[in-house]
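Trainee: The sequence shown finishes on residue 188 if you use this note's numbering, and the numbering steps up by one all the way, no holes. The beta carbon of each residue, even a glycine, is placed where N, CA and C say it ideally should be. Bear in mind that the values here come from a model prediction, so they are computed numbers and not experimental data.
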Amino acid sequence: MQHITPSGLQERLDSGEQITIVDVREGAELEICSLPEVVHIPLSAIASDYTELDPDAPYAILCHHGIRSAQAAGFLIQAGFQDVINIEGGIERWAQEVDSTLQRY
84 MQHITPSGLQ ERLDSGEQIT IVDVREGAEL EICSLPEVVH IPLSAIASDY TELDPDAPYA
144 ILCHHGIRSA QAAGFLIQAG FQDVINIEGG IERWAQEVDS TLQRY
């Protein structure tokens, strides 16, 4: 499994790479803070809802601290997805490195 820091991912996005961020936090967590234009599939639903995703597209998986996203990334890789990256430190680290306006919790 590949891992990337939030700042590393932001650099890739800024350079024009098309990477879809999948946020696996629960809905109540997204109400506290979220990134624009993410696909929301809670970890609790990933086993049934992953079929909404294109297995050939690149994805970066996000959660609060990077634990649930690693679980979801591992699941997607086992399901045959080729280009899946875990965002280290989750949205907490994103708030520290990329966007300090995000509400931390």
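Quick check: the region 178-187 against the region 95-112, are there 3 or more CB pairs under 8 Å?
Mentor: No, they do not touch.
Trainee: What does DSSP give as the partner residue(s) for L92 in the beta ladder?
Mentor: Stepping through the sequence shown from its first residue, residue 92 is reached at position 9. DSSP output for L92 lists no bridge partner at all.
Trainee: Report back the beta-carbon spacing between H147 and E112 to the nearest angstrom; my notes put them in contact at under 8 Å.
Mentor: On the sequence shown, position 64 is the one that residue 147 refers to. On the sequence shown, position 29 is the one that residue 112 refers to. Right, their Cβ atoms sit about 7 Å apart.
Trainee: Name the residue from Q179, A143 and A162 whose alpha carbon lies nearest to the alpha carbon of Q85.
Mentor: As a working note, residue 85 is residue 2 in the sequence shown. Ranking Q179, A143 and A162 by Cα distance to Q85 puts A143 first.
Trainee: Could you pull the DSSP bridge partners for L145 from this structure?
Mentor: Translated into the one-based positions of the sequence shown, residue 145 becomes position 62. In DSSP, L145 forms a bridge with D106.
Trainee: Closest to I115 by C-alpha separation, out of E180, F158, I129 and E175, would be which residue?
Mentor: Counting from one through the sequence shown, the residue named residue 115 turns up at place 32. Cα-wise, what sits closest to I115 is E175.
Trainee: Give the secondary structure of I170 by DSSP, where H, G and I count as helix, E and B as strand, and everything else as coil.
Mentor: Residue 170 sits at position 87 when you count from the first residue of the sequence shown. Reduced to three states, the DSSP call for I170 is strand.
Trainee: Using only CA atoms, which one of Q93, E180, L96 and S131 lies nearest to A155?
Mentor: Translated into positions along the sequence shown, residue 155 becomes position 72. Checked all of Q93, E180, L96 and S131; the closest Cα to A155 is S131.
Trainee: Can you name, in chain order, every residue of its own chain whose Cβ lies under 6 Å from the Cβ of P141, other than the five neighbours on each side?
Mentor: Here the question's residue 141 lines up with position 58 in the sequence shown. Here the set comprises I102 and D166.
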